[in-house]
Structure formats: C-alpha cells, structure tokens
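To start, the structure itself, in structure tokens.
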Amino acid sequence: MKFFLDNIELILSFLGIVVIFAVPMLFFGDSVIWWEVAAITAIFVGVFHGFIFWIVRRKQRRVRQEAIEEIRKMLKDKVNNQLSVISLSASGLDVEQIKNLSDSINQISYLIGTLSDESITDWRRKYSETLESLGSN
C-alpha cells in the first residue's frame, strides 16, 4: 500500500493511458471512430484523475493541519509554562521593564496561536535565502 501511495500519480497516469487505448481497441477495433472514442475516454480519465488527486490532496492538507494544530498546542503549552516562570521571576523589575516583558509574552503567545500551514509557508518564503545557506553548511 505504501508503494501505491508513494507513486499514485505515476500509477494512475499509466493506468489512464492503458484505459485510453484499451477502450477503443476492445469495443471499436478498426472502426473509423477509434480516435473519437479514445478522445472521449481520455476526457473521462482526466476528470477521474482530477477527482482522485483532489481527494488525495484534501486528505493530505487535513492531516497536515491536524499535525500543525497538535504541534501548536504542545508548543504553546511549553512556551507558556516557561513564560510564566519568567514573569514570576520578574518581581525585581521596574514598571517599564515589566510592561515590556508582558508585551513580549503576549506577542509570543499570539505568534504561537496563529501558527498555520500558511504562516509556515510565508516564513519559508521570507527566509528562503537564510535557510538555503544554513542547509548548505
């Protein structure tokens, strides 16, 4: 099953080509309308492929969103625990420093709360050169 899912595009494309040529051969042989039947079959195969790819992509997107949501919750819990420790140890700070610390804590919590597939994509796009240089080391 893993082989099929890893290569679904290639397998379905190959099967589609087989069906496109098999249907006219099986049902119309040497008929004049052979290419017309092949074209109509190709349209149906294309629509079928599109539907299958849409289902697979939708499933992948849902799984990715669930994983991101789970990671976001875990990260938020861990970071908020650490931020609570930091804010509790800030008793010796003046009012301005406490306000800045509180603003930073709120900003971090907000960023974690808005973590999504789109925000990760935007982050990658924004820092693509930096990520590439880090990956080449």
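Residue numbers (the numbering used here): 3 to 139.
Each residue gets a CB set at the ideal place from its N, CA and C atoms; glycine is no exception.
Two segments are said to touch when three or more pairs of C-beta atoms, one from each, lie closer than 8 Å; by this definition the stretch 120-134 does not touch the stretch 92-106. Non-local C-beta neighbours of residue 116 in its own chain, meaning closer than 8 Å and more than five positions away in sequence, are absent.
When C-alpha distances from residue 9 are compared across 78, 77, 104 and 58, the shortest belongs to 58.
Apart from sequence neighbours up to five positions away, the residues of its chain that approach residue 29 with a beta-carbon distance below 8 Å are 39, ordered along the chain.
Taken atom to atom, the span from the alpha-carbon of residue 96 to that of residue 108 is near 18 Å.
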